[in-house]
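A.B. asks: I am attaching a structure below and will ask some questions about it afterwards.
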Amino acid sequence: MGTREDIVKAVTAGRKAGERGDPPTVCPYPRSSALRTAWIRGYAEANPVSSQPETTS
626 MGTREDIVKA VTAGRKAGER GDPPTVCPYP RSSALRTAWI RGYAEANPVS
676 SQPETTS
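With positions in the sequence shown counted from 1, the corresponding number in my numbering is that position plus 625.
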């Protein structure tokens, strides 16, 4: 796991990527890295998942 500073940098980089509209596949960290999780968290803050519309049956 990265240091606190590394985690903050990863979250910030993910947020900036999300704000630019970059795809999440640009994440520079490997799948097994805690820094990837931090990056994705930052990305998600900039690009929240929209709520799904209700369906009527």
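Think of the CB as a built atom: it goes at the ideal place given N, C-alpha and C, for glycine as much as any other residue. The structure presented is a predicted model; accordingly, all values stated were derived computationally and were not measured.
With distances taken from CA atoms, which of Thr628, Asp631, Gly639 and Glu630 is nearest Pro673?
C.D. replies: Of the candidates Thr628, Asp631, Gly639 and Glu630, the one whose C-alpha sits nearest the C-alpha of Pro673 is Gly639.
A.B. asks: Between which two residues does the alpha helix (DSSP H) containing Arg605 stretch?
C.D. replies: The requested residue 605 is not part of the displayed model; the chain covers only 626 to 682.
A.B. asks: With a CB to CB cut of under 7 Å and the five nearest residues on each side skipped, what residues in its chain are close to Glu644?
C.D. replies: Ala671
A.B. asks: In the structure shown, what three-state DSSP assignment does Pro648 receive?
C.D. replies: In this structure, Pro648 counts as coil in the three-state DSSP scheme.
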